[in-house]
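Using full-length UniProt numbering, the letters of the sequence shown correspond one by one to residues 1 to 160.
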Amino acid sequence: MVSIKLPLVLVATIILAVIGFFTSSSVLDQDATTLQKSLFSVGVVANGLLIIILSSLTKTSSTVSETNESASTEGEDDIATLYVGNLPYRANEQVVKEHFENFGYVKSVRLMKDKRTGKRKGFGFVEVGVDAAESMIKKLNDSDFQERTIKVRPAKDKVA
Numbered sequence: 001m002v003s004i005k006l007p008l009v010l011v012a013t014i015i016l017a018v019i020g021f022f023t024s025s026s027v028l029d030q031d032a033t034t035l036q037k038s039l040f041s042v043g044v045v046a047n048g049l050l051i052i053i054l055s056s057l058t059k060t061s062s063t064v065s066e067t068n069e070s071a072s073t074e075g076e077d078d079i080a081t082l083y084v085g086n087l088p089y090r091a092n093e094q095v096v097k098e099h100f101e102n103f104g105y106v107k108s109v110r111l112m113k114d115k116r117t118g119k120r121k122g123f124g125f126v127e128v129g130v131d132a133a134e135s136m137i138k139k140l141n142d143s144d145f146q147e148r149t150i151k152v153r154p155a156k157d158k159v160a
């Protein structure tokens, strides 16, 4: 026997189409207000089913994202965050990342921006491998980057 697995959304759509077909065909002989009431009830049922389906899909995706978050936090022990100050305002994340990658592994770069204007503030944070952090600080602190002398230090823990 051949078993075909259809996605739940497709099954729900087919069921709604069948319900709508039979409801509308049986009501076509009746007056317009009865037709409107019938179609409204079909819409309510359809929305209810879609809410159930979408909420189950959301629960599944949140479980997947929680699994991914727990997997990513396992590797965060070997990541150090460096504060980088006196950056040129024209520098973007990619350029800073490329500069730091010359000295070791770089996980991410966050350059701070003014919330109101969207302009860069001239400092940011670089997440790097723990084994390369100290050598990056020694080599990059007080070094020239795009005609500016940058400051590189271990980042302080964020106070809540």
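Here a beta-carbon is modelled for each residue, glycine too, at the ideal position from N, C-alpha and C.
By the three-class DSSP mapping on this structure, what secondary structure does residue i have?
i	result
E127	strand
K139	helix
I19	helix
D114	coil
D144	strand
L87	coil
K97	helix
Using the beta-carbon count (16 or more within 10 Å), is residue i buried or exposed?
i	result
V96	buried
residue 161	Residue 161 lies beyond the residue range present for the chain, which begins at 1 and ends at 160; the question has no answer from this structure.
V128	buried
Using the Cα positions of residue i and residue j, report the straight-line distance between them to the nearest angstrom.
i	j	result
F125	A91	13 Å
Y105	G122	22 Å
I137	R110	17 Å
E134	D157	17 Å
Output yes or no for whether 8 Å exceeds the beta carbon distance between residue i and residue j.
i	j	result
A155	Y89	no
Is residue i near the ligand ATP - that is, is its Cβ less than 7 Å away from at least one heavy atom of it?
i	result
Q94	Absent from the structure shown: the ligand ATP. Ligands present: none.
Whose C-beta lies closer than 6 Å to the C-beta of residue i among residues of the same chain, with five residues either side of it excluded?
i	result
G85	F123 and K151
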